[in-house]
Structure formats: C-alpha cells, structure tokens
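Structure first, then comments.
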Amino acid sequence: MAEKERENDSDLNAAVPLTEFVEDGARQPAGRRRSRVILPDVKDKGYAWVIIAVMWLSNVITAGYIKSFGITYNALKVAYPSISGAQGGIIIALLSGFRSVLAPLVGAAAVQFGYRPVMMLGVTFCSSALFMAYFCSTVPLLSLTLGAMMGIGMCTIETSQVIVLSEYFNKKKELANSLRVSGNPLGGAAFPFILVIIFEHYGLRFSFIILSALLAQLGAFIFLIRPYKLHQRIVLARRKNYPRLDTTEDDKFKTDIPAQKAKKLDFKLFLNPLYWCHLAMIVGFSANMPHAQIFFAVYCKSVGLSDTLISVLLAYQAILDSLTRLLIGFLLNKKLFKKTHCFSLLQVLNFLYPALLGYMVDVTGSYYLTFITMGVGMAFGGLSIGLQPLVAKLAKIDVEFL
Numbered sequence: 001m002a003e004k005e006r007e008n009d010s011d012l013n014a015a016v017p018l019t020e021f022v023e024d025g026a027r028q029p030a031g032r033r034r035s036r037v038i039l040p041d042v043k044d045k046g047y048a049w050v051i052i053a054v055m056w057l058s059n060v061i062t063a064g065y066i067k068s069f070g071i072t073y074n075a076l077k078v079a080y081p082s083i084s085g086a087q088g089g090i091i092i093a094l095l096s097g098f099r100s101v102l103a104p105l106v107g108a109a110a111v112q113f114g115y116r117p118v119m120m121l122g123v124t125f126c127s128s129a130l131f132m133a134y135f136c137s138t139v140p141l142l143s144l145t146l147g148a149m150m151g152i153g154m155c156t157i158e159t160s161q162v163i164v165l166s167e168y169f170n171k172k173k174e175l176a177n178s179l180r181v182s183g184n185p186l187g188g189a190a191f192p193f194i195l196v197i198i199f200e201h202y203g204l205r206f207s208f209i210i211l212s213a214l215l216a217q218l219g220a221f222i223f224l225i226r227p228y229k230l231h232q233r234i235v236l237a238r239r240k241n242y243p244r245l246d247t248t249e250d251d252k253f254k255t256d257i258p259a260q261k262a263k264k265l266d267f268k269l270f271l272n273p274l275y276w277c278h279l280a281m282i283v284g285f286s287a288n289m290p291h292a293q294i295f296f297a298v299y300c301k302s303v304g305l306s307d308t309l310i311s312v313l314l315a316y317q318a319i320l321d322s323l324t325r326l327l328i329g330f331l332l333n334k335k336l337f338k339k340t341h342c343f344s345l346l347q348v349l350n351f352l353y354p355a356l357l358g359y360m361v362d363v364t365g366s367y368y369l370t371f372i373t374m375g376v377g378m379a380f381g382g383l384s385i386g387l388q389p390l391v392a393k394l395a396k397i398d399v400e401f402l
C-alpha cells in the first residue's frame, strides 16, 4: 500500500517531457537512480474541445452584451433624459477603448500569473460594474461603471482566451478559434431580445442587477478551463501504462525544475516598420468594428423602429456572422488559401458596407459624419495591411506573409 502511494505521488509530480524527478535540493546521493517520464501530448483532442465549448458559452454572454449595447444605450436615453450624445459617446468610447487598449498588458499578466486568475478578475470587474450601475444617479458614474469597468473586465476575459487557445491547440487552431468566436454573433442574436424583455418587465436599473448575476456565473465556466500543465498531470496520473525509464521503488521523488521566466513586453518591436503597420491597422479598425452595431441600433431608434424590430435585425446579422465565421475557420483549417488573402478580402467588404450606410444616413439627413468616419477607419486599417509587403521590401525585412 505504501509503495502504491509513493508511485502515485511520483506520477502527479510529472510536469514536462523527459523530466528527471529528484528529491528537493541540488545534489543527489550516490547510488540513487533518477526517474524520467514522457509527457503525453493532449493538444487538439479530448478536453481541449471541452474548453472550446466553455469559451463558446462565455463568449455568448460577453459578446452578446457588447453587441447588444445599442439596445442598452437606447434604454439609457429614456431613463436619463438629460444624457447628451457626447456623454453617451463617452460611455461607448470607454467600453470599447479599455476593451482594446489593455490587451497587451492583460496578455502579459495572463502569462505571468496564469489565465484563470486573470479571467476571474475580469468576471469580478464586469459583475461589480453592473451591480454598481444600479446605484448610479449621474451619467459620469455610468461612464465609470458601464464604460471603464466593463471594458476592463471584457478585455481580461477575451484576451486570456487567446492564451488558452495557443496552449491547447496546434494543428486545428484555426477550426478551434472559429468555433470559439462563433459564440460572439450568436450572443448578439439572443441578447437583444433578452434585454428588451427584462427592460420592459423590470426597468433599466433593476435589470443591471439581473445582468450582474448573469455575468457572475461566468466564474463557473472559467474554473473548467484548466491550466495546460495541470491538465497534463491529470492525464498522466489517469494512465496506467505510460513510457517510464529507470524507476525506483523505494524513493519518493519530487520535481526539481526551475520556473520559466515569463516573457516581458518587447519594446524593440517599435523599431520594426511592420509592427507600426499593425498598430495603424488596429487604429483604423477600432473606428468601425466596435461601433457599427451600436450606432446601427441608435439610428434605427431615431427613425422610429421599435426595440423588438431592432432586435430582429441584429439577430439576422448575428446569425450570418456566425455561419461565416464557421465557414472561414473550416476553410483555413484545410489550408486552401493564404490567410492574408482571406483577411484582405473581408476588409474590402467591411470598407464598402460602412460607406454604403453612411450614404444612406446622409440621404436621411442624420448620422452622416458617424458612418463616414467608420468607413474611413476601415479603409485605413485595410490599407495598413495591404502595404505590409511594400514596407517589408523597403525596410529590407525578410519575411514570408502567410
């Protein structure tokens, strides 16, 4: 019995491929043999797809809230008649701004401290922000809660998922990512109807309490996202037969592995012209992507459409978005064409649609500048991507564009 317990302890301490297990301390007594364990490969299979399902459910809620914020914004204008367009724009700007600009810091924190605690911090921010919004009586306080705090929380949840995806998937990463993000538009299809119902039955302020409780449930999903090394240990411990060399029967072994240093932000990237192209792309796309659905809902409300009809329009858009994400992920996984070509084509389409919307709004006499700005931003982002080969050639950078 004692020998079996010692063997189990040795199994649970396996953490890396071909790891040598020794007692605590740098030296090993003469005559004692070392044990080496081969770590099983658990990528692209098994529990990895469970994690994709968990992140899909999480994205249904988080992205659903973001994509249906236009419905919330219309309700805010009714509950707070004194709110101006500029004040409402500040709430949207803080929400989308913090959701994007903090991504590098959140990514570094997820590597340093682990993605599970970072994601739990994001859930705490989101749930607390909605709960505090119930007590907000002024628009500046709403900007702090529904804007800044919600943006920070969403950023920590969404950015950490990218780290999880890179650890659990290798060969099927494109397909897994398309499945993960397909929850975004489906959340955008369902959430507008949910918000309309709870706003009508419970009012705006009490609805914040309901949404706070809903966002808090994401904590249960996040605890299902195991750290990759922990999952490797669990799989290894459950296997009865695995490759093992030079085992001893009467010694209790522990790992003696130095902790890997987390990668820090590399400021040398700012010396790379291609990196500036990516920054310009982000600036351009940020002028369009986070705001298109929000201002679409606001515009529909201004021309007299009901919240229910607006929800139907958003749902149609979200369903088409979801099907397109799945199709693109499947094609990318088949390696039928280069990712850059697919991305460039999509950006051309995204450039045309906001410009068309801007023309339509101009004909109606409102929202002209808003949609033209989104169209110019999308064109600027697409141009930044298209110029990358030229920039690489002028800077004499040897790089292969995929």
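Numbering-wise (the UniProt record's numbering), the sequence shown opens with residue 1 and increments by one.
C-beta atoms are modelled at their ideal positions from N, C-alpha and C, and glycine is treated no differently.
In this text, all values refer to a predicted model and were calculated from it rather than measured experimentally.
Through-space distance from residue j to residue i, alpha-carbon basis
i	j	result
G304	D41	57 Å
V106	T159	7 Å
V391	F270	14 Å
L12	L224	Note on L12: pLDDT 45, under 50, position unreliable in the model; the coordinate value appears next. Each residue's alpha carbon lies about 19 Å from the other.
P192	Y299	15 Å
M374	G188	20 Å
P140	I210	22 Å
N59	L179	11 Å
K77	S84	8 Å
L279	M378	13 Å
Y47	L218	19 Å
A176	L57	14 Å
A297	A220	32 Å
Y65	K268	37 Å
G386	I372	21 Å
R239	K229	16 Å
M281	Y316	28 Å
P81	S384	41 Å
I61	F125	15 Å
A63	A75	19 Å
G382	V376	10 Å
A213	Q232	33 Å
L314	I234	43 Å
H201	S302	23 Å
V50	K393	43 Å
A86	Y134	22 Å
Cβ separation of residue i and residue j, assumed to be a contact under 8 Å, to the nearest whole Å
i	j	result
M120	I222	6 Å
A129	V118	Rounded, the Cβ-Cβ distance is 17 Å, inconsistent with contact.
A318	P185	4 Å
M150	L236	That pair is no contact at about 40 Å.
V123	I157	7 Å
C155	F98	6 Å
DSSP-derived helix/strand/coil call for residue i
i	result
L383	helix
A395	coil
F135	coil
I210	helix
K45	coil
Y168	helix
L102	coil
A2	Its pLDDT being 45, under 50, A2 is placed unreliably by the model, and the measurement read from it follows with that caveat. It is helical.
V181	helix
residue 435	Residue 435 lies beyond the residue range present for the chain, which begins at 1 and ends at 402; the question has no answer from this structure.
residue 409	With the chain covering 1 to 402 only, the question about residue 409 has no answer from this structure.
G64	helix
G304	coil
F69	helix
Y80	coil
Q217	coil
R238	helix
F223	coil
P140	helix
D256	Reliability of the predicted coordinates at D256 is poor, the pLDDT of 42 falling under 50, and the value obtained from them is presented with this limitation in mind. Three-state DSSP puts D256 in coil, outside helix and strand.
P40	coil
N272	coil
Close-in-space but distant-in-sequence residues of the same chain around residue i (CB under 7 Å, 5 per side omitted)
i	result
S207	I198 and F199
I91	L142, S143, L146 and G147
K43	Y168, F169 and N170
V54	F221, L224 and I225
Own chain partners of residue i with C-beta closer than 6 Å, once the 5 adjacent residues on each side are dropped
i	result
A79	L204
G25	Because G25 carries a pLDDT of 38, less than 50, the predicted location of this residue cannot be relied on, and the following value inherits that uncertainty. So the list is empty, once near-sequence residues are dropped.
Y115	S160, I163 and V164
A216	S127
M132	T145
G153	G122, F125 and C126
A395	P273
V69	The sequence shown places Phe at residue 69, not Val. For F69, where only same-chain residues beyond five positions count, the Cβ hits under 6 Å are I294.
Nonlocal neighbours in the same chain, by C-beta distance under 8 Å from residue i, ignoring five residues either side
i	result
V196	I71, D307, T308 and S311
Y73	G88, I91, I92, I294, A297 and V298
Cβ-heavy atom distance, residue i to the ligand MN, below 8 Å
i	result
G70	This structure simply doesn't include the ligand MN, nor any ligand for that matter.
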